[in-house]
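Protein chains in written order, with numbering that gives the first Met the number 0: chain V, 0 to 311; chain R, 0 to 243. Note that beta-carbon positions come from the ideal geometry of N, C-alpha and C, so glycine has one too. So the structure is just underneath, and the comments pick up after that.
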Amino acid sequence: MMILNVENVTKTFTGKGKSKTVANDNLSFRINKGEIFGLLGQNGAGKTTLVNQILGVLTPDSGDIHLLGKSILESPARARSICSVQPQSQVPLGFLTPKQAVTLIGKMRAGKTFDPKRVEMLFEALDMGEWANREGEKLSGGARRLTAFCMAVVVPGKLVILDEPTNDVDPVRRRLLWQVIRNLTDDGTSVILVTHNVMEAEKVVDRVAIINQGRLLAEGSPSEIKRSVSNQMRMELSLSEELADIEMPSWVLSAHRNGARLLFSVDPSYVSSSLDWAKAQEDKGLVIDYSLSPTTIEDAYIELTSREVIES
Amino acid sequence: MMDLLSHYKYVFQMQFLRNAGFLVFMALIQILISIGIVIGFTYLIPDPDTSTILFLATGAPTIILIMTGLVILPQQVGTAKADGYMEFMRTWPVNRSVILGAETTIWLLITVPGIVVSSFVAHLMYSPGYDISWTIIPALLMIALTSIGVGYGFSYLLSPTASLGISQVVVFGALMFSPVNFPMDRLPEWLQTLHEFLPIYSMAEVMRASLAASTFEASTWNYLNLFIWCILGYGGAIFILNKK
C-alpha cells in the first residue's frame with residue numbers, strides 16, 4: 000500500500016538580488032507502507048526543503064504530494080496529524096524534562112487513548128532512564144536529540160520523518176535507536192530517514208533516494224544502487240617496504256599505489272584467488288596486512304554525486 | 000470542539016512547563032517594576048498631590064501590560080524563532096490558533112501578580128482614590144489582549160533583530176512619552192494626534208476608567224481603537240503562522 004506519492008515537485012527560493020536557488024528540481028518518488036526510505040544527500044541538497052513540503056509547512060511551486068491518497072496542498076493540517084517529525088535542529092526543551100515533553104506530545108497526538116507506558120518503553124529501549132526527569136537545559140546534546148526522537152515516535156502516525164536522528168548520539172545508543180526504528184515498521188509505520196551519514200543508513204533502509212542539487216540521482220534498494228555504479232570488489236594491502244616489487248596477477252583491474260599502500264579492484268568472481276594471492280604475499284613477507292571489501296554505498300554515492308559535478 | 004479543548008490544555012502545559020522558571024522570574028520582576036513606578040515617580044515629582052499619585056497608580060498596570068505584550072513577549076518570540084522552536088511548533092498536529100491562545104493565557108497570568116500587588120501597595124501608602132468598577136475584568140482582558148496581540152503581530156512579522164529594536168523604543172516611549180502616567184495635554188500637539196491612533200493612550204484611558212471610575216472615563220473611540228489593534232495583531236500573527 001502506498002503511503003506517500005511525491006510527483007514532480009519543484010521548489011525555488013528567491014534570494015537577495017533576485018538570485019534563484021532551485022532546492023527541489025522535479026522530484027518524484029513513492030513510499031510504501033512499513034518501509035524505511037533513506038533520503039541521502041550532501042548539505043544543501045534540498046532534503047529538508049522536501050520534508051517541509053511533505054509536512055505542508057512549505058508549498059511546492061509545481062507538482063503535488065499525496066499522503067494516503069489525498070493531496071497535501073488541499074489540507075496541510077491533515078498532513079501534520081498523519082506525519083510526525085524529528086527536526087534536524089535540536090528541540091530547545093527549556094525547563095521541560097524528557098518525560099514531560101514526550102508525554103505531552105503523545106497526548107497531543109493520541110488524546111485520551113494515550114498510554115503513558117509507551118514513554119517508559121521507549122526510555123527503556125533507548126537506555127534513557129537516568130535522564131527522564133532531568134530538566135532539558137541540563138541535558139547533553141545526545142540526550143536532547145534522543146528526546147526529540149521519542150517525541151516523534153511516541154505516537155508515530157502513518158509516516159515518521161527523522162532528520163539526522165543519530166547526530167550527537169553515542170554508538171551504543173545508536174544501535175538501540177536503529178532497533179526502535181525497525182520496530183516501528185513492524186506496526187506498519189513508514190519512515191523517511193534523512194541523512195548524509197550514508198554508511199550507517201545502508202544497514203537499516205529498505206530503499207534509498209540520492210539527491211544532489213535538488214535533483215534525484217538514483218533510487219532503489221542499497222544493493223541496486225551499488226550495482227548501478229559497479230559491482231567490483233576492492234582490495235587494499237599494506238606493503239612491508241615502500242619499494243617492494245610485487246608482481247600483479249592478470250585479473251587485477253585497476254591498481255593504484257601510494258607509498259606502501261596498494262589498492263586495486265577485482266571482479267567478484269576472483270574473490271578467492273585474490274585472497275589466496277594476498278595470503279601468499281603475506282607469507283613471503285612482502286605484505287603486512289590486507290583487506291577485501293565490497294563497494295560500499297558510500298563509494299556509489301560519491302561516484303554518483305561527483306559524476307554529476309563533472310557533467311554540470 | 001473536544002479536540003480543540005484538549006489540544007489547548009496540552010499546548011498550555013507544554014509551553015508553561017517549558018518556560019516555568021522564566022515565568023516565575025518575570026512575574027517577580029513585574030511586581031518590582033509596578034511598585035517602582037508608583038513609588039519611584041513620587042521622588043521625581045516634589046510634593047505630588049493626590050491626583051498625580053492617582054495618575055501614577057492607575058498607569059502602573061497599563062505599563063505592566065505593555066511591558067509584557069510589547070517587550071518581553073517579542074523577545075521570547077525572537078528567541079523561539081532563532082533556536083528553531085517556532086519551526087518545531089509548526090509541525091504539531093494542532094490548530095495554530097490553539098498555540099496562540101494557550102500562550103496568550105500564560106502571558107496574561109504572569110501580569111496578574113504585578114497588577115494586584117502594586118495596586119494594593121499604592122492604596123496602603125497613598126490612598127489615592129481608587130474606585131474599582133466591575134468593568135476592570137473586561138477592561139484588563141481587552142488591554143492585555145491588545146498588547147499581547149500587537150506584540151505577536153510585529154514579532155512574528157519582523158526579524159528578531161527588528162522586533163528587539165521596536166521593543167526597546169516601546170519601553171522608553173511608553174514610560175516617558177506616552178500619556179500613561181501623566182495627562183495627555185502635557186504632550187506637544189503632534190504627539191497627541193499620534194497617540195489618538197496608537198493603542199497606548201487608549202489602553203491607559205480604559206484602565207483608568209475602571210480603576211478610578213468616579214474620576215476618569217474612557218471614550219467609545221478608546222474601546223474601538225483597542226479592538227482594532229487587537230484584531231490587527233492577532234490576525235497578523237495567525238496569518239504569519241499559517242504562511243508557507
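For chain V, find out if any of its Cβ atoms is closer than 8 Å to the Cβ of Asn224(R); answer yes or no. Taking the first residue of the second sequence as 1, we reach residue 224(R) at position 225. Chain V contact via Cβ: absent.
Going along the chain, which residues of its own chain have a beta-carbon closer than 8 Å to the beta-carbon of Trp91(R), five neighbours each way excluded? The sequence position of residue 91(R) within the second sequence is 92, counting from 1. Within the same chain, Trp91(R) has close Cβ partners Val10, Ile98.
How would you call Pro182(R), buried or exposed, if buried means at least 16 neighbouring beta carbons within 10 angstroms? Here residue 182(R) refers to the residue found at position 183 when the second sequence is read from its first residue. It counts as exposed.
Thr9(V), enclosing beta strand (DSSP E) - first and last residue: Sequence index remark: in the first sequence, residue 9(V) carries index 10 (1-based). Counting along the chain, the beta strand (DSSP E) containing Thr9(V) begins and ends at 1 to 13.
Would you list the residues sitting across from Glu218(V) in a DSSP beta bridge? Counting from 1 along the first sequence, the entry for residue 218(V) is found at position 219. Bridge partners of Glu218(V): Ala208(V).
Can you pull the DSSP bridge partners for His65(V)? What you label residue 65(V) is simply residue 66 of the first sequence in a count that begins at 1. Note: His65(V) sits in a beta bridge opposite Asn4(V), Ser70(V).
Shorter than 8 Å from the beta carbon of Thr90(R) to some beta carbon of chain V? The residue given as residue 90(R) occupies position 91 in the second sequence. Yes, because at least one Cβ of chain V sits closer than 8 Å to the Cβ of Thr90(R).
So Gly141(V) and Val168(V) are supposed to be a Cβ contact under 8 Å. How far apart are they, rounded? Taking the first residue of the first sequence as 1, we reach residue 141(V) at position 142. Taking the first residue of the first sequence as 1, we reach residue 168(V) at position 169. Confirmed, about 5 Å.
Inspect the beta-carbon positions of Asn23(V) and Thr9(V) and report whether they are closer than 8 Å. Position 24 of the first sequence, counted from the first residue, corresponds to residue 23(V). Position 10 of the first sequence, counted from the first residue, corresponds to residue 9(V). For Asn23(V) and Thr9(V), yes; Cβs fall inside 8 Å.
Please identify the residue among Val169(R), Ser33(R), Phe119(R), Ala121(R) whose C-alpha is closest to the C-alpha of Leu72(R). On the second sequence, position 73 is the one that residue 72(R) refers to. That would be Val169(R), whose Cα lies nearest to the Cα of Leu72(R).
Whose Cβ in chain V lies nearer than 8 Å to the Cβ of Asn18(R)? One-based indexing of the second sequence puts residue 18(R) at position 19. Residues of chain V passing the Cβ test: Gly93, Phe94.
Below 8 Å on the Cβ atoms is my guess for Arg117(V) versus Val153(V); work out the distance and round it to an integer in Å. In the first sequence, residue 117(V) corresponds to position 118, counting from 1. In the first sequence, residue 153(V) corresponds to position 154, counting from 1. Indeed, because the Cβ distance is near 6 Å, the residues count as touching under 8 Å.
Just to confirm before moving on: does the CB-CB distance between Arg312(V) and Asn4(V) stay below 8 Å? No answer is possible for residue 312(V): it lies beyond the span of chain V, which begins at 0 and ends at 311.
Using the rule of at least 16 other Cβ atoms within 10 Å of the residue's Cβ for burial, across every protein chain shown, is Thr96(V) buried or exposed? Start at 1 with the first residue of the first sequence, and residue 96(V) comes out as number 97. With 16 or more other Cβ atoms within 10 Å, it is buried.
Taking the beta carbon of Phe148(V) as the centre, do at least 16 other beta carbons fall within 10 Å, making it buried, or is it exposed? Within the first sequence, residue 148(V) is the residue found at index 149, counting from 1. The residue in question, Phe148(V), is buried, as its Cβ has 16 or more Cβ neighbours within 10 Å.
Taking its Cβ as the centre, do 16 or more other Cβ atoms sit within 10 Å of Lys137(V), making it buried, or is it exposed? Within the first sequence, residue 137(V) is the residue found at index 138, counting from 1. Label assigned to Lys137(V): exposed.
Just to confirm, is the Cβ distance from Ile65(R) to Ser33(R) under 8 Å? As a position in the second sequence, residue 65(R) is number 66, starting the count at 1. As a position in the second sequence, residue 33(R) is number 34, starting the count at 1. Taking 8 Å as the Cβ cut-off, Ile65(R) and Ser33(R) do not qualify as a contacting pair.
Return the bridge partner residues of Phe238(R) from the DSSP annotation. Here the question's residue 238(R) lines up with position 239 in the second sequence. Answer is none; Phe238(R) lacks a bridge partner.
For a test of the three-state rule: what should DSSP assign to His122(R), helix, strand or coil? Position 123 of the second sequence, counted from the start, is the residue given in the question as residue 122(R). Three-state DSSP puts His122(R) in a helix.
Residues in the same chain with beta-carbon distance under 6 Å from Ser311(V), minus the five sequence neighbours each way, listed in chain order, please. The residue labelled residue 311(V) in the question sits at position 312 within the first sequence. Its pLDDT being 47, under 50, Ser311(V) is placed unreliably in this model, and the value from its coordinates should be taken loosely. Nothing listed; no residue qualifies.
Minimum Cβ-Cβ distance from Gln41(V) to chain R less than 8 Å: Your numbering for residue 41(V) matches position 42 in the first sequence. Not one chain R Cβ lies under 8 Å of Gln41(V).
Close Cβ partners of Pro312(V) (< 6 Å) along its chain, the five nearest in sequence each way excluded: The requested residue 312(V) is not part of the displayed model; chain V covers only 0 to 311.
Pair every Cβ in the segment 114 to 126 of chain R with every Cβ in the segment 113 to 131 of chain V, then say whether three or more of these pairs are closer than 8 Å. no
Interfacial residues, the segment 101 to 113 of chain V to chain R, with Cβ spacing under 7 Å: Leu103, Lys106, Met107, Arg108, Gly110
Hey, is Met25(R)'s beta-carbon within less than 8 Å of any beta-carbon in chain V? Numbered from 1 along the second sequence, position 26 holds the residue referred to as residue 25(R). Not one chain V Cβ lies under 8 Å of Met25(R).
With a cut-off of 8 Å, does the C-beta of Ser80(V) fall near any C-beta of chain R? Reading the first sequence from its first residue, position 81 is the one you call residue 80(V). Output row for Ser80(V): interface = yes.
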